[in-house]
Amino acid sequence: MPHKTWDIAIVGPGWVAGAYLEVFRKRDDVRVTHVVSSTGASARTFVEQYNLDAAVHDNLDAALADKSVDIVGIFTPHHLHAPLAIAAAKAGKHLIVEKPLTLKLDDLRAMRAAVRQTGVKSITGFVLRWNPLLQIIRQNVADGTLGDIIFAEVDYLHSIVGKTYTKAWHCSRETAGTSMLVGGCHAVDAIRFLVGKPVVEVSAMSTSR
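Start counting the sequence shown at 466; every next residue gets the next number (this note's numbering).
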């Protein structure tokens, strides 16, 4: 049987997409064939920076029209995730969507409906699930090494303001959401991953200086 190669279209070629690309390049069954940005300029820069043999577009339609594309990776500002993911799912493409999935519950439900209706696979960018330390803790919980868990707490330090990769949209509620959605969602997902149960109550405190 011939070796399957998964063709990926990247939407939103920023620093997060670059981190994903590092992982893609460690596999011999994955290749990036399309890069999409709103103007096309950052897509061209991304292709040149990483020396990719990929087509450049200023909208997603051309990539979705390519039947060889298997997966669409969505790494845009958060408020753009939903329409892009829905369009990709309806085109029969599997999805990698960076967290948070979206900023509005109605959009999240629409994304879920599109994935279920089309039968495509999807994953959210909760990378802590692949952290070796968290995997060890999870195994210790699962096999009873830590006893019966009656209370669990996760502290997660996240900073994005003032970083070299910070963009204006990172600091806007309309495009990035709240501090819980930008960073705190990692903590919520981590505790669910560790104990294997839903989070029934979350309190978050954010400070700005």
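Where is the CB? At the ideal position from N, CA and C, for every residue including glycine. Bear in mind the structure is a predicted one, so any value in this text is a computation, not a measurement.
Anticipated Cβ contact below 8 angstroms, residue i with residue j, distance rounded
i: Thr640; j: His543; result: 6 angstroms
i: Leu593; j: Ala633; result: So it is not a contact: roughly 27 angstroms between Cβ atoms.
i: Val653; j: Ala617; result: Rounded, the Cβ-Cβ distance is 11 angstroms, inconsistent with contact.
i: Tyr621; j: Gly649; result: 7 angstroms
i: Val512; j: Ala506; result: Not a contact, Cβ separation roughly 11 angstroms.
Short Cβ contact (8 angstroms threshold) for residue i with residue j
i: Gly538; j: Ala579; result: no
i: Lys555; j: Thr510; result: no
i: Ala528; j: His499; result: yes
i: Ile475; j: Val495; result: no
i: Ile625; j: Val647; result: yes
i: Met576; j: Ile536; result: no
i: Val585; j: Gly557; result: yes
i: Arg603; j: Phe658; result: yes
i: Tyr630; j: Trp480; result: yes
Interface flag, residue i vs chain B, CB-CB below 8 angstroms
i: Phe616; result: Here chain B cannot be found, since the structure has a single protein chain.
Per-residue burial, residue i [other beta carbons within 10 Å of its own, 16 or more giving buried]
i: Lys491; result: exposed
i: Met466; result: Because the pLDDT at Met466 is just 47, under 50, the model does not fix this residue reliably, and the point stays unresolved.
i: Leu568; result: buried
i: His424; result: The requested residue 424 is not part of the displayed model; the chain covers only 466 to 674.
i: Ile614; result: exposed
i: Pro478; result: buried
i: Val501; result: buried
i: Pro565; result: buried
i: Val619; result: buried
i: Met670; result: Residue confidence is low: Met670 scores 47 on pLDDT, short of 50, so the model does not pin down where it sits. Its coordinate-derived value is still stated next. Met670 comes out exposed.
i: Ser637; result: exposed
i: Leu598; result: exposed
i: Leu486; result: buried
i: Ser533; result: exposed
i: Ala508; result: buried
Closest residue to residue i among the options (Cα-Cα distance)
i: Leu549; options: Asp526, Leu570 and Asp571; result: Asp526
i: Val562; options: Phe658, Lys662, Lys469 and Ile473; result: Ile473
i: Thr504; options: Val606, Thr541, Ala484 and Leu599; result: Thr541
i: Thr643; options: Lys628, Arg657 and His623; result: His623
i: His651; options: Gly612, Trp595, Gln604 and Cys636; result: Trp595
i: Ala530; options: Asn516, Tyr515, Leu611 and Ala553; result: Ala553
i: Asp493; options: Gly612, Lys469, Val664 and Lys662; result: Lys469
i: Leu517; options: Met645, Phe489 and Lys662; result: Phe489
3 or more residues per run - each beta strand (DSSP E) lying fully within the region 475–515: Within the region 475–515, the complete beta strand (DSSP E) runs of at least 3 residues are 495–501.
Completely contained beta strand (DSSP E) runs for the region 522–599, where each covers 3 or more residues: Complete beta strand (DSSP E) runs here, min 3: 534–539, 559–562 and 587–589.
Sequence ranges, alpha helix (DSSP H) only - wholly within the region 595–647, length at least 4: 597–607, all fully within the region 595–647.
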